[in-house]
Structures are given as C-alpha cells and as structure tokens.
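Start counting the sequence shown at 12; every next residue gets the next number (the numbering used here).
For reference, the structure is listed below as structure tokens.
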Amino acid sequence: MSDRPPLPVLKGVFFITGTDTEVGKTWVGCRLLERARDAGLRCYGLKPVAAGCERTAEGPRNEDALNLMAASSVALPYEVVNPVALDAAIAPHIAAQQENRRITLAQLAGYVRGALNSHPADLVLVEGAGGWRVPLNDREMLSGLAVELNLPVIQVVGMKLGCINHALLTAEAIRADGLHYTGTVANCFGEMDVREENLLTLRQHLPGAFTVV
Numbered sequence: 012m013s014d015r016p017p018l019p020v021l022k023g024v025f026f027i028t029g030t031d032t033e034v035g036k037t038w039v040g041c042r043l044l045e046r047a048r049d050a051g052l053r054c055y056g057l058k059p060v061a062a063g064c065e066r067t068a069e070g071p072r073n074e075d076a077l078n079l080m081a082a083s084s085v086a087l088p089y090e091v092v093n094p095v096a097l098d099a100a101i102a103p104h105i106a107a108q109q110e111n112r113r114i115t116l117a118q119l120a121g122y123v124r125g126a127l128n129s130h131p132a133d134l135v136l137v138e139g140a141g142g143w144r145v146p147l148n149d150r151e152m153l154s155g156l157a158v159e160l161n162l163p164v165i166q167v168v169g170m171k172l173g174c175i176n177h178a179l180l181t182a183e184a185i186r187a188d189g190l191h192y193t194g195t196v197a198n199c200f201g202e203m204d205v206r207e208e209n210l211l212t213l214r215q216h217l218p219g220a221f222t223v224v
C-alpha cells in the first residue's frame with residue numbers, strides 16, 4: 012500500500028515463516044530482496060522444500076522459488092534455490108510420501124549450508140513452507156531447520172479474521188524453540204473489518220520490529 016512505510020533493507024541470513032499458508036511469505040520475501048538489490052547488496056532467496064511444482068522440460072519448477080530467483084541479485088541454479096521440489100500442492104511430508112521420498116532436516120540443512128558457503132551474500136532469506144509447525148516426516152518439523160541453522164526469524168502475518176491468535180501462537184513457538192524473533196510483517200491483502208484495531212493489538216503483543224505492507 013502506498014501509505015505504508017517501505018520495508019527495511021536487511022543484512023544477514025533470516026528464516027521467513029508465516030501464520031499459515033497463502034499469507035504472503037514469498038511476496039514479502041521478494042519485496043525484501045528487491046529492497047536489498049536496489050541498495051546494491053548481494054542477495055538471494057532459498058526455498059529448501061516446495062510442494063506444488065509444475066513439470067517442465069528443465070524439471071519441476073515452483074512458482075514461489077521462481078519469484079524469489081527473479082527478485083534476487085545473485086543468480087543461482089534452480090536446484091540450489093529449491094533442492095526439494097514436490098509435485099502436489101499439499102503438506103510436504105504427504106507429498107513426499109506420495110512420491111516415495113523422505114525429507115530430513117539433515118538433508119535440508121546441508122543444502123542451505125552448501126548454498127551459504129558457495130554463494131556468500133549480504134542478505135539471504137530462507138523461506139519455509141506454510142506455517143511454523145509443518146511436518147517433514149514422522150519425527151521432524153520444518154521449524155527444526157531454523158533451529159539447526161540458528162537463524163533469526165521473520166514472521167509474516169496474513170491480516171484476516173483469526174490472525175491475532177495465529178500470530179501470537181507462532182511467535183510463542185518461535186521463542187520457545189530458542190530463536191531470535193526479528194519481527195513481524197503484517198500483510199494487508201483483501202478486506203478486513205477493524206483492521207487497524209487488529210494491527211494495534213498485534214503491535215502491543217508481538218516482539219521485535221513491526222512493519223505493515
């Protein structure tokens with residue numbers, strides 16, 4: 012929105028999570044990358060696991076991963092950006108089961124560490140899938156990737172009915188996992204009754220920086 016302050020120019024490696032799926036994690040990530048790119052910084056986004064890919068001549072391709080690539084200033088091969096690409100747009104662990112594949116935190120952490128070591132940059136955004144507690148297999152959650160890499164976390168809140176509960180529970184879980192809660196980006200898509208009152212409540216209860224887009 013034009014009357015909202017611009018997103019900050021960030022430096023470092025961050026994990027981006029959401030209060031749910033389809034709340035604008037990728038959209039916010041792309042805007043953060045564009046801000047860094049326009050400031051002359053080396054930056055790129057990673058989508059370690061993506062469920063919901065289109066089969067192409069080059070292999071499976073996920074729209075979120077492609078958007079992150081387009082917003083980055085560092086050009087990386089698709090397989091580095093999205094090493095685990097699953098066909099069905101469903102929970103990753105179920106999509107993996109359907110393809111007789113198994114995803115582990117060790118695999119994903121290895122992929123991300125490989126990218127960070129091979130492609131140093133001023134800003135790297137590691138985007139999750141769905142919300143914070145998304146299973147990878149019968150024992151591990153995708154949130155464990157941020158824990159394994161000890162990454163500060165940015166939460167994207169989709170401004171819709173129920174967002175306060177979702178946002179506060181997610182922030183609570185992030186802090187309980189021992190991670191630094193960097194801040195919140197409130198994504199104002201669509202119409203919402205008493206939106207400003209909801210934003211005020213979130214500002215009062217959530218730690219870290221708070222940005223509205």
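Using N, Cα and C, we set each Cβ at its ideal position, and we do this for glycine too.
Presumed contact (8 Å Cβ cut-off) between residue i and residue j, rounded CB distance
i	j	result
Gly-132	Tyr-55	In the sequence as displayed, the identity of residue 132 is Ala instead of Gly. 6 Å between Cβ atoms; contact.
Leu-162	Val-39	Incorrect: roughly 16 Å between the Cβ atoms, too far for contact.
Ala-126	Leu-57	6 Å
Pro-71	Ala-107	That belief does not hold up - the Cβ atoms of Pro-71 and Ala-107 are roughly 13 Å apart, past 8 Å.
Thr-2	Thr-30	Outside the shown range of the chain, which is 12 to 224, sits residue 2, and nothing can be said about it.
Asp-75	Thr-37	4 Å
Gly-139	Val-158	Not really, about 12 Å apart at Cβ, beyond 8 Å.
Ala-120	Leu-160	6 Å
C-alpha gap between residue i and residue j, whole angstroms
i	j	result
Val-164	Ile-185	8 Å
Val-91	Ile-175	35 Å
Pro-218	Val-60	28 Å
Asp-49	Thr-32	28 Å
Trp-143	Gln-109	22 Å
Pro-19	Gln-215	20 Å
Val-223	Gly-169	10 Å
Ala-187	Asn-198	24 Å
Glu-151	Thr-115	7 Å
Ala-178	Phe-26	16 Å
Asn-78	Cys-41	7 Å
Pro-103	Ala-220	30 Å
Met-80	Pro-146	25 Å
Leu-172	Ser-129	42 Å
Val-85	Asn-73	18 Å
Leu-52	Leu-136	13 Å
Ala-47	Val-205	33 Å
Ile-101	Pro-16	34 Å
Asn-148	Arg-66	24 Å
Ala-68	Pro-88	15 Å
Val-123	Ile-105	22 Å
Glu-202	Glu-208	14 Å
Gln-166	Gly-141	11 Å
Cys-64	Arg-112	15 Å
Ser-154	Ser-83	24 Å
Leu-21	Thr-195	14 Å
Segment limits, alpha helix (DSSP H) that includes residue i
i	result
Gly-169	Careful: Gly-169 lies outside any alpha helix (DSSP H), inside the beta strand (DSSP E) at 164–169.
Glu-151	First-last for Glu-151: undefined, no H or E at that position.
Glu-33	Element bounds for Glu-33: n/a, residue is neither H nor E.
Glu-183	174–187
Val-123	116–129
Leu-18	Run containing Leu-18: none; DSSP gives neither H nor E here.
Arg-206	206–216
Ile-105	103–109
Paired residues, beta bridge with residue i - DSSP
i	result
Tyr-192	Val-164
Phe-221	Thr-195
Leu-134	Gly-23, Cys-54
Boundaries of the beta strand (DSSP E) in which residue i is found, first to last residue
i	result
Ile-27	23–29
**OP:** Within the stretch 48–99, note down every full alpha helix (DSSP H) run reaching 4 residues or more, in order along the chain.
**Re:** Under the rule that a run must span 4 or more residues, the alpha helix (DSSP H) segments found entirely inside the stretch 48–99 read 74–82, 89–92.
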